[in-house]
Amino acid sequence: MPVIIVFALGLGSCLLLVHLFTTYLRLSSIPGPFAAKFTDFWRYRSQNAKGHTQRLLALHRKHGKLVRIGPNHVSISDPAAVPIVYSTNPTWHKGPSYYGAIPVSKNRAVPTIIGMGEAQHTAVRKSVGRAFTTNSLLDYEDSIEATGQDLIKVLSQQHETDIGEWLQFFAMDMLIRIAFSDSLGLLASGNDIDGTLAAVMARFDHWGHWGAVPSADYLFNKSRLATRLKGVGDSPLARVANRMLEARKRDGNKLSYKDLCAKFLEGQAKYPQLVQQDEILGIIMSTIGAGADTTAGTLTYTLYFLSKHPDVREKLMQEIDDNLTAGMLSRMPKWAEVNRMPHLDAVLKESMRLLPIASWGLDRVVPPAGATIAGEFIPGGTIVGCHIDAVHQDQHVYGKDSATFRPERWLQANEDQRRQMGRAFLAFSAGKRTCTGVHIAWLEMKKTLPLLLMHFEVSILPDAVLEGAKANVTIKMDLADPSLDVREGIRVSAVKYPPPVMMKITPRIRVEGTSTNGLYSQAIVVGNMVFLSGVTGVDPATGNLVAGTIADRTTQVFKNISRVLEAAGSSLHKVVRVNIFLTSMSDYAAMNEAYLKVLSQDVKPVRTCVAVKELPRLTDIEIEVTAIL
Numbered sequence: 001m002p003v004i005i006v007f008a009l010g011l012g013s014c015l016l017l018v019h020l021f022t023t024y025l026r027l028s029s030i031p032g033p034f035a036a037k038f039t040d041f042w043r044y045r046s047q048n049a050k051g052h053t054q055r056l057l058a059l060h061r062k063h064g065k066l067v068r069i070g071p072n073h074v075s076i077s078d079p080a081a082v083p084i085v086y087s088t089n090p091t092w093h094k095g096p097s098y099y100g101a102i103p104v105s106k107n108r109a110v111p112t113i114i115g116m117g118e119a120q121h122t123a124v125r126k127s128v129g130r131a132f133t134t135n136s137l138l139d140y141e142d143s144i145e146a147t148g149q150d151l152i153k154v155l156s157q158q159h160e161t162d163i164g165e166w167l168q169f170f171a172m173d174m175l176i177r178i179a180f181s182d183s184l185g186l187l188a189s190g191n192d193i194d195g196t197l198a199a200v201m202a203r204f205d206h207w208g209h210w211g212a213v214p215s216a217d218y219l220f221n222k223s224r225l226a227t228r229l230k231g232v233g234d235s236p237l238a239r240v241a242n243r244m245l246e247a248r249k250r251d252g253n254k255l256s257y258k259d260l261c262a263k264f265l266e267g268q269a270k271y272p273q274l275v276q277q278d279e280i281l282g283i284i285m286s287t288i289g290a291g292a293d294t295t296a297g298t299l300t301y302t303l304y305f306l307s308k309h310p311d312v313r314e315k316l317m318q319e320i321d322d323n324l325t326a327g328m329l330s331r332m333p334k335w336a337e338v339n340r341m342p343h344l345d346a347v348l349k350e351s352m353r354l355l356p357i358a359s360w361g362l363d364r365v366v367p368p369a370g371a372t373i374a375g376e377f378i379p380g381g382t383i384v385g386c387h388i389d390a391v392h393q394d395q396h397v398y399g400k401d402s403a404t405f406r407p408e409r410w411l412q413a414n415e416d417q418r419r420q421m422g423r424a425f426l427a428f429s430a431g432k433r434t435c436t437g438v439h440i441a442w443l444e445m446k447k448t449l450p451l452l453l454m455h456f457e458v459s460i461l462p463d464a465v466l467e468g469a470k471a472n473v474t475i476k477m478d479l480a481d482p483s484l485d486v487r488e489g490i491r492v493s494a495v496k497y498p499p500p501v502m503m504k505i506t507p508r509i510r511v512e513g514t515s516t517n518g519l520y521s522q523a524i525v526v527g528n529m530v531f532l533s534g535v536t537g538v539d540p541a542t543g544n545l546v547a548g549t550i551a552d553r554t555t556q557v558f559k560n561i562s563r564v565l566e567a568a569g570s571s572l573h574k575v576v577r578v579n580i581f582l583t584s585m586s587d588y589a590a591m592n593e594a595y596l597k598v599l600s601q602d603v604k605p606v607r608t609c610v611a612v613k614e615l616p617r618l619t620d621i622e623i624e625v626t627a628i629l
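Following the numbering used here, the residues of the sequence shown are numbered contiguously, the last one being 629.
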């Protein structure tokens with residue numbers, strides 16, 4: 001072998017050893033997997049294998065608040081680090097892993113708000129940020145309500161169904177409406193039209209797959225050579241967004257739209273030097289893609305938790321029923337109404353705390369001067385990220401039962417505890433780069449969850465499998481084996497989307513003024529029959545039992561029964577069975593007289609009358625009925 005080749009090989013080997021040694025020394029004081037000290041391949045492999053989230057949690061339990069998961073990458077589990085890492089002064093720039101979230105359209109990368117640099121992000125927020133403020137939320141209520149009506153109509157025809165899939169369709173239709181005042185019709189068709197939703201999920205899958213190796217992502221997927229060789233065209237979502245955006249531009253945005261697209265184009269017209277067409281397209285795609293994932297996933301997880309915790313469901317239903325009875329909540333919930341329901345807020349927060357949609361760290365780059373985190377100096381240029389699951393399960397912040405679903409923790413905490421929990425809550429990230437659409441997401445979820453619960457009893461089937469939106473960015477819950485995870489018997493891993501998320505859906509008939517205590521339905525429909533719970537003589541106008549005689553209360557009972565039956569699509573004339581409960585049989589004759597005035601049809605229903613010692617609310621009569629539709 002020529003001397004020059006031997007020399008070159010020797011020199012190369014020496015340089016490699018020096019590089020590996022200096023790489024190791026840079027963060028040598030921070031423990032972690034041996035391979036991760038030298039190469040990003042450990043993190044790449046872990047993120048693309050089952051159990052990445054649990055693997056990181058186990059590493060933090062073993063090594064402490066700081067774990068080295070790459071040559072220049074540190075995972076953090078310390079809640080006290082959140083305001084440091086996601087500081088606004090100075091701003092810690094996003095890490096290179098976010099490059100994986102940038103989509104490709106027409107052979108080139110499209111700038112999205114999630115993957116923008118700080119200067120570009122600041123410019124875009126200045127020009128279109130108004131679309132995401134709390135003042136703009138009321139402009140989107142009509143779009144959410146129209147899609148909510150579509151969802152109720154579809155679910156009313158289901159019994160045992162994949163609720164996760166329907167909520168994905170709902171979220172996509174809703175966000176297209178919010179963005180363009182239009183709909184894809186996914187709910188109406190019951191299908192992922194043109195693969196739009198699948199393309200959105202594929203984008204998250206791509207991000208998770210390549211997030212650990214952004215340079216390889218560029219080389220193999222997003223470089224000019226790679227896109228030309230692959231012939232990457234528009235994704236289905238990009239085609240939809242492009243088509244609707246071009247149509248809006250052709251009409252000059254002249255119509256009185258109040259949607260996101262209108263606000264974006266107004267911002268572009270006002271600041272033409274700050275935001276371009278590609279950026280408008282990217283922002284729309286980011287909002288729709290990320291929003292659909294967050295809304296559908298959180299609602300699905302929350303329904304799961306409520307089905308597993310009837311005591312929590314009871315309290316939430318009581319809050320909903322009380323507000324309905326008091327006239328403080330509409331049958332189609334309004335933002336001003338749901339935003340003042342503390343238990344609803346706590347239930348959603350607890351669901352996102354225990355099962356955040358994102359399952360990895362929100363990477364940031366340490367400023368050049370370096371920073372001290374968890375008592376350890378981290379050199380400038382190091383990539384760090386707070387591991388969401390670890391922070392959300394910190395017992396010092398959330399209590400010793402931090403692995404348990406208990407929404408009351410948000411309501412019972414004192415002011416200092418609430419402040420700590422709020423600072424450690426990373427469901428929408430934190431700091432300057434908090435999710436741009438966070439207010440819209442809250443609007444969607446707070447309006448939709450009570451709407452669903454007002455109309456349906458939803459319970460998860462025993463063998464159901466619940467999974468988040470994507471393999472590596474989000475999480476899976478396998479409910480069949482409760483021994484595999486500390487969090488409510490949930491197995492968290494990385495698998496493909498979507499499996500069936502099977503839930504049983506039963507219509508819940510409810511009429512204002514005839515409230516329940518949240519444990520049961522006023523009425524349920526099974527086949528062509530409607531079954532009513534016991535009804536008392538409560539005056540819906542006052543919420544109190546009517547005064548007067550037993551005949552007066554009997555008449556009021558049947559008025560309330562009539563209203564519930566009509567809401568279910570039946571009537572008093574279709575009653576086939578009546579069960580009457582009296583606290584005193586001396587009232588039997590007077591009750592019977594009022595009864596005959598109401599049920600005067602030729603064919604009388606079958607009937608029983610039972611004497612009881614006491615009835616709820618100290619009433620003297622309660623009646624339950626069964627009717628046909």
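C-beta atoms are modelled at their ideal positions from N, C-alpha and C, and glycine is treated no differently.
Since the structure is predicted, the reported quantities are computational estimates derived from the model, not experimental observations.
Enclosing alpha helix (DSSP H) for residue i [first to last residue]
i      : result
Glu408 : Glu408 to Gln412
Arg250 : Pro236 to Arg250
Cys261 : Leu260 to Lys270
Phe180 : Ile163 to Phe180
Ile30  : Here Ile30 belongs to no alpha helix (DSSP H), and DSSP marks it neither H nor E.
Met421 : Glu415 to Ala424
Phe305 : Gln277 to Lys308
Glu614 : Where Glu614 is concerned, there is no enclosing alpha helix (DSSP H), given that its DSSP letter is neither H nor E.
Phe204 : Thr196 to Trp210
Phe41  : Phe41 to Gln47
Ala119 : Glu118 to Val128
Val338 : Trp335 to Val338
Ala523 : Unbroken run through Ala523 is the beta strand (DSSP E), Ala523 to Val526; no alpha helix (DSSP H).
Which of helix, strand or coil DSSP assigns to residue i
i      : result
Val366 : coil
Asp401 : coil
Leu316 : helix
Val458 : strand
Gly385 : strand
Arg487 : Caution is warranted here: a pLDDT of 40 is assigned to Arg487, below 50, making its placement in the model unreliable, and the coordinate value is therefore given only provisionally. Coil, per DSSP.
Met352 : helix
Lys94  : strand
Pro66  : It should be pointed out that residue 66 corresponds to Leu in this sequence rather than to Pro. It is a strand residue.
Met502 : strand
Thr88  : strand
Pro482 : With a pLDDT of only 32 at Pro482, under the threshold of 50, the placement of this residue in the model should not be trusted; the figure read from the coordinates follows. Coil at Pro482, not helix or strand.
Ala81  : helix
Leu151 : helix
Ile4   : helix
Val110 : coil
Ala469 : For Ala469, the predicted model reports a pLDDT of 34, less than 50, meaning its position is unreliable; a value from the coordinates is still stated below. Coil, per DSSP.
Val213 : coil
Ile144 : helix
Residue i, enclosing beta strand (DSSP E) - first and last residue
i      : result
Ala390 : It is not in any beta strand (DSSP E) - Ala390 instead sits in the alpha helix (DSSP H) that spans Ile388 to His392.
Thr372 : Ala371 to Ile373
Glu624 : Ile621 to Ile628
Thr608 : Val606 to Ala611
Ala427 : That residue, Ala427, is in no beta strand (DSSP E); it is neither H nor E in DSSP.
Ser75  : His73 to Ile76
Leu225 : First-last for Leu225: Arg224 to Lys230, but that is the alpha helix (DSSP H), not the beta strand (DSSP E).
Val530 : Met529 to Leu532
Distance between beta carbons of residue j and residue i, contact taken as under 8 Å
i      : j      : result
Cys435 : Val85  : Going by Cβ atoms, the distance from Cys435 to Val85 rounds to 16 Å, so no, they are not a contact pair.
Gly211 : Ser97  : 4 Å
Arg353 : His392 : 5 Å
Pro616 : Val578 : 19 Å between Cβ atoms; not a contact.
Ile69  : Ala36  : 5 Å
Tyr170 : Thr147 : A small fix is needed here, since residue 170 is Phe in this sequence, not Tyr. That pair is a contact at about 6 Å.
Lys263 : Arg130 : 6 Å
Complete runs of the alpha helix (DSSP H) confined to the segment 539–591 [at least 4 residues]: 550–568
For the 8 Å Cβ check, are there 3 or more pairs between the segment 152–159 and the segment 273–285? no
Taking 8 Å as the cut-off, does the segment 258–277 touch the segment 115–130 (at least 3 CB pairs, one atom from each stretch)? Touching, yes.
Can you find at least 3 beta carbon pairs, one from the segment 367–384 and one from the segment 290–308, that sit closer than 8 Å? no
Can at least three beta-carbon pairs, one atom from the segment 284–300 and one from the segment 440–448, be found at a separation below 8 Å? yes
Spell out a yes or no on whether the segment 339–354 and the segment 195–207 are touching, meaning 3 or more CB-CB pairs, one atom from each, closer than 8 Å. No: fewer than three Cβ pairs fall under 8 Å.
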